[in-house]
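Here our numbering is used: the first residue of the sequence shown is 20, the next is one more, and so on. All residues carry an ideal CB built from backbone N, CA and C; glycine is no exception.
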Amino acid sequence: MGKSVRALGLVGAGGHAREVWAIAKASNRRVLFFSEDDAPKGKRVCGTRVIDIANLHSLKDTVDLVLAVGSPLGRRKLAERLKSFRFTNLIHPQACVGPGVTFGHGCVVAPLAVITAEVTIGNHVLINSGAVVSHHCRLGDFTTCSPNSTLGGGVVLEDGSFVAMGATIANGVSIGIGTVVAAGSVVLQDIDEPMTMVAGVPATRRKKLRHWIGRV
Ligand SMILES: CC(C)(COP(=O)(O)OP(=O)(O)OC[C@H]1O[C@@H](n2cnc3c(N)ncnc32)[C@H](O)[C@@H]1OP(=O)(O)O)[C@@H](O)C(=O)NCCC(=O)NCCS
């Protein structure tokens, strides 16, 4: 038996959460609430109530959650706090998902994203508008492909790595844990060192990061 379809709760109440709300609407999913820390009483986003994360636990058996924050670090922290919840995948009807593509849980795929064939996708992965993920890629947990980024065939994104807007990763390249590829960059070689920021065409190492990217 498949899982029952429940109403959704979106964790996050910022700009990205509004985009996830739009994907949920386009997918005919009912959004019961947004949620954030220290939510002011009576706050609404997109006409929907915003509730405090501290008050979510009583809803554990009635809603599915989606982590609607853009940063890998933010999603990882929330997933740890909310690990007793069920998370669902949200895939926009105008995204193109080919055969042999597998998802973990809590993933978001935005409109016009293309995931071609035989791609393995972990948990809480964000594939944003117009991103292209080619055959045999492997995307670890909490990874992000920002709008209009492109992964060639066989690219590996290790957990928590972040590909910014318009960046391109060449075929077969691996990107290490928590590594950030800056906007518009072109990565031609493996970035083995974890938690590194790379930028440019071709991309070169720019700085060591102390933690996964938290603001995008
Ligand atoms: C990756 C990113 C977040 C890095 O920001 P940052 O940590 O503030 O980076 P810094 O300003 O410290 O840059 C470090 C160096 O890299 C260079 N750099 C940063 N971004 C670059 C880029 N996109 N292309 C080329 N060089 C870049 C800087 O000029 C700087 O060089 P310097 O050391 O010679 O002065 C930012 O460049 C980026 O890509 N932002 C877009 C994020 C995005 O796509 N979000 C999704 C929205 S939906």
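Exercise for review: Please confirm whether any heavy atom of ligand 1 lies closer than 7 Å to the CB of P91.
Suggested key: no
Practice item. Tell me whether the beta-carbon of F106 lies closer than 8 Å to the beta-carbon of D83. Key: yes
Exercise for review: Quick one: grab the DSSP three-state call for R63.
Suggested key: strand
Check your understanding: Below 8 Å, can you find three or more Cβ-Cβ pairs linking the segment 115 to 123 to the segment 200 to 209?
Key -> no
Check your understanding: From which residue to which residue does the alpha helix (DSSP H) around G34 run?
Key -> 34 to 45
Check your understanding: Where does A218 fall in DSSP's three states?
Key -> strand
Check your understanding: When the distance is taken between beta carbons, is A132 closer than 8 Å to G159?
Key -> no
Practice item. With DSSP collapsed to three states, give me the class of V157. Key: The sequence shown places Arg at residue 157, not Val. In this structure, R157 counts as strand in the three-state DSSP scheme.
Review point. Relative to the alpha-carbon of V50, which residue among T67, N147, D56 has its alpha-carbon at the smallest distance?
Key: T67
Check your understanding: Are there 16 or more other CB atoms within 10 angstroms of the CB of V39, so buried, or fewer, so exposed?
Key -> buried
Review point. Hey, would you say the C-beta of G203 is under 7 Å away from at least one heavy atom of ligand 1?
Key: yes
Review point. Rounded to a whole number of angstroms, what is the C-alpha to C-alpha distance between V24 and D80?
Key: 12 Å
Check your understanding: For ligand 1, is there a heavy atom less than 7 Å away from the beta-carbon of K226?
Key -> yes
Practice item. In the DSSP assignment, find the unbroken beta strand (DSSP E) run with G93 in it and report its ends. Key: From DSSP, G93 is part of no beta strand (DSSP E) but of the alpha helix (DSSP H) over 91 to 100.
Exercise for review: Flag D83 as yes if its beta-carbon sits less than 8 Å from any beta-carbon of chain D, otherwise no.
Suggested key: No chain D appears in the structure shown, which is made up of a single protein chain.
Practice item. Please report how far the alpha carbon of I72 lies from the alpha carbon of L145, in whole angstroms. Key: 21 Å
Practice item. Could you work out which residue in A183, A36, K227 is closest to V151 when comparing CA atoms only? Key: A183
Exercise for review: Compute every distance between the C-beta of P166 and the non-hydrogen atoms of ligand 2, then say whether any falls below 7 Å.
Suggested key: Ligands present in the displayed structure are limited to ligand 1, and ligand 2 is not among them.
**Study point:** G219 beta carbon near ligand 1 (any heavy atom closer than 7 Å)
**Key:** yes
Review point. CB of M214 to nearest heavy atom of ligand 1: below 7 Å?
Key: no
Check your understanding: Out of curiosity, what's the CA-to-CA distance linking V217 and R94?
Key -> 22 Å
Check your understanding: If we ignore side chains and look at the alpha-carbon of each, how far apart do G28 and V85 end up?
Key -> 6 Å
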